[in-house]
Structures are given as C-alpha cells and as structure tokens.
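**Q** Just dropping this structure here.
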Amino acid sequence: MGSKLLQMLTREMVRLDPPELSTPEEVIRYCGNILVDAGKAEEQYVSDIIESYRKLGPYIVMAPGLAMPHARPGGNVKESCISFVKLKRPVEFRHPCNDPVKIVFTLGGVSDNGHIELLQELSSLLAADNMIDRLSDTDTYEELIKLIEKEAEK
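Put into structure tokens, the structure is as follows:
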C-alpha cells in the first residue's frame with residue numbers, strides 16, 4: 003500500500019490550513035479546485051460533484067469525520083488524482099451518523115475502474131486504527147507523508 007497514493011499526494015494536492023469553510027458546497031468547491039488548479043480536472047468536474055451531492059445527499063461522507071467527494075467519470079478529469087484537506091473547523095454534511103466532517107479526500111477518476119488501485123490503498127490507510135483522528139492531528143505535509151508511509155509498511 004502507499005505507492006500510488008504517495009505519488010499522487012504531492013505537496014500541491016494537500017491543504018492543512020485552508021480558509022474556514024462552513025457549508026458542504028464550499029468544502030467541495032475548495033477541495034475540488036485543488037484538482038483544477040493542478041491541471042488534473044476541469045472546473046465542470048467540481049460542479050458535477052456539487053450537483054451529485056445536491057441530488058444524492060451526503061453519500062460522500064464515508065465514515066465518521068471523513069468525506070470523499072467525487073463524481074462519475076465523464077471526461078472532465080484529465081488524469082486520476084486525489085487531494086487531501088484537513089478542515090479548520092468540522093462541517094456538517096447532513097449525514098445521519100458520520101457528521102461532522104473534518105478530513106476530505108477529493109477523488110478524480112478518468113474511468114470507472116481506472117483508479118481502483120488508488121481506492122484500495124486509500125481504503126487500507128483509512129481502515130487503520132484511529133486513522134481519521136491521526137490525520138486530523140497532522141500539521142505539516144511531512145507528518146502526513148510519514149503517517150502514510152508508516153501505515154504502508156504494516
């Protein structure tokens with residue numbers, strides 16, 4: 003575990019001190035724009051994620067404190083990508099049991115199965131004991147990478 007995830011989570015794809023965000027749409031837009039600013043996705047992809055959230059509800063809140071915004075591949079993602087954001091203050095996504103969200107991994111895939119390896123690595127990482135809390139405690143990019151590398155060795 004860890005190689006593809008570590009390759010994709012470059013410094014430009016990580017935000018540990020974002021501005022204060024207060025709505026799910028603000029969170030999705032901020033996190034999705036990291037993919038856009040890096041040239042890995044089109045602005046339409048961010049709009050697609052927001053539209054999916056509005057239509058389908060908080061399906062992107064995958065575990066207590068964790069959201070993984072994404073939308074179906076549709077040509078608006080140039081290459082598989084992921085961003086990581088540690089929110090300054092947790093945000094309510096209206097999920098019945100996993101709110102509030104404090105950790106956000108935004109995913110972009112070019113095909114339905116093109117990023118399965120990345121999802122498997124991310125799932126393995128997130129399955130580790132107290133991982134969301136440990137991710138919340140990271141203050142530097144180096145700490146984040148060290149945490150991921152340490153879990154990859156297990």
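Residues 3 to 156 (our numbering) are what the sequence shown spells out, left to right.
No residue lacks a Cβ here, since even glycine has one placed at the ideal position from N, Cα and C.
Quick caveat: nothing in here was measured; it's all calculated off a predicted structure.
(1) Measure the C-alpha to C-alpha separation of E14 and K88 and round it to an integer number of angstroms.
(2) Within the continuous alpha helix (DSSP H) that includes K152, where are the two ends?
(3) Indicate the three-state DSSP secondary structure (helix, strand or coil) for L58 in the structure shown.
(4) Just the C-alpha distance for M3 and V29, rounded to the nearest angstrom, thanks.
(5) At what residue ranges does the stretch 25 to 79 contain a whole run of the beta strand (DSSP E), taking only runs of 3 or more?
(6) Whole angstroms is fine: what's the gap from I105's alpha carbon to L137's?
(7) When the Cβ atoms of the stretch 117 to 136 are set against those of the stretch 90 to 97, are three or more pairs found closer than 8 Å?
(8) Bridge partners of I105, per DSSP?
(9) State the Cα-Cα distance for the pair G59 and K152, rounded to the nearest angstrom.
(10) Suppose the cutoff is 7 Å on Cβ atoms and the five residues either side in sequence are ignored; what does the same chain contact list for M20 look like?
(11) In its own chain, which residues sit with a C-beta less than 8 Å from the C-beta of C83, not counting the 5 before and 5 after it?
(12) So, is E123 buried or exposed, given that buried needs 16 or more other C-beta atoms within 10 angstroms?
(13) From the DSSP output, which residues share a beta bridge with V93?
(14) If I'm right that L68 touches V103 with Cβ under 8 Å, what's the distance once you round it to whole angstroms?
**A** So, from the data block:
(1) What you label residue 14 is simply residue 12 of the sequence shown in a count that begins at 1. What you label residue 88 is simply residue 86 of the sequence shown in a count that begins at 1. Answer to the nearest angstrom: the Cα atoms are 14 Å apart.
(2) Within the sequence shown, the letter at position 150 stands for residue 152. 143 to 155 is the span of the alpha helix (DSSP H), which, as asked, contains K152.
(3) Residue mapping note: residue 58 aligns to position 56 of the sequence shown, counting from 1. DSSP places L58 in helix when its eight states are reduced to three.
(4) Position 1 of the sequence shown, counting from 1, holds the residue named residue 3. Position 27 of the sequence shown, counting from 1, holds the residue named residue 29. The predicted model places M3 with a pLDDT of 46, which falls under 50 and marks its position as unreliable; any figure quoted below should be read in that light. Distance between the alpha carbons of M3 and V29: 27 Å.
(5) 63 to 65
(6) For the purposes of this step, residue 105 is taken as residue 103 along the sequence shown, with counting starting at 1. For the purposes of this step, residue 137 is taken as residue 135 along the sequence shown, with counting starting at 1. Straight-line Cα distance between these residues: approximately 7 Å.
(7) no
(8) Indexing the sequence shown from 1 puts residue 105 at position 103. Looking at the DSSP assignment, I105 forms a beta bridge with L68, K88.
(9) Here residue 59 refers to the residue found at position 57 when the sequence shown is read from its first residue. Here residue 152 refers to the residue found at position 150 when the sequence shown is read from its first residue. One C-alpha to the other measures close to 34 Å.
(10) Taking the sequence shown and counting its residues from 1, the one referred to as residue 20 is at position 18. The sequence shown places Pro at residue 20, rather than the Met named in the question. Hits under 7 Å: Y32, V87, L89, K90.
(11) On the sequence shown, residue 83 is found 81 positions in, with the first residue counted as 1. The residues are M10, M15, L37, A40, K42, A43, L109, G110.
(12) As a first step, residue 123 is located in the sequence shown; it is residue number 121 there, counting from the start. E123 is buried by the Cβ-count criterion.
(13) Walking along the sequence shown from the start, residue 93 turns up at place 91. Looking at the DSSP assignment, V93 forms a beta bridge with V103.
(14) Here residue 68 is taken as the residue at index 66 of the sequence shown, counted from 1. Here residue 103 is taken as the residue at index 101 of the sequence shown, counted from 1. L68 to V103, Cβ: 7 Å. Contact.
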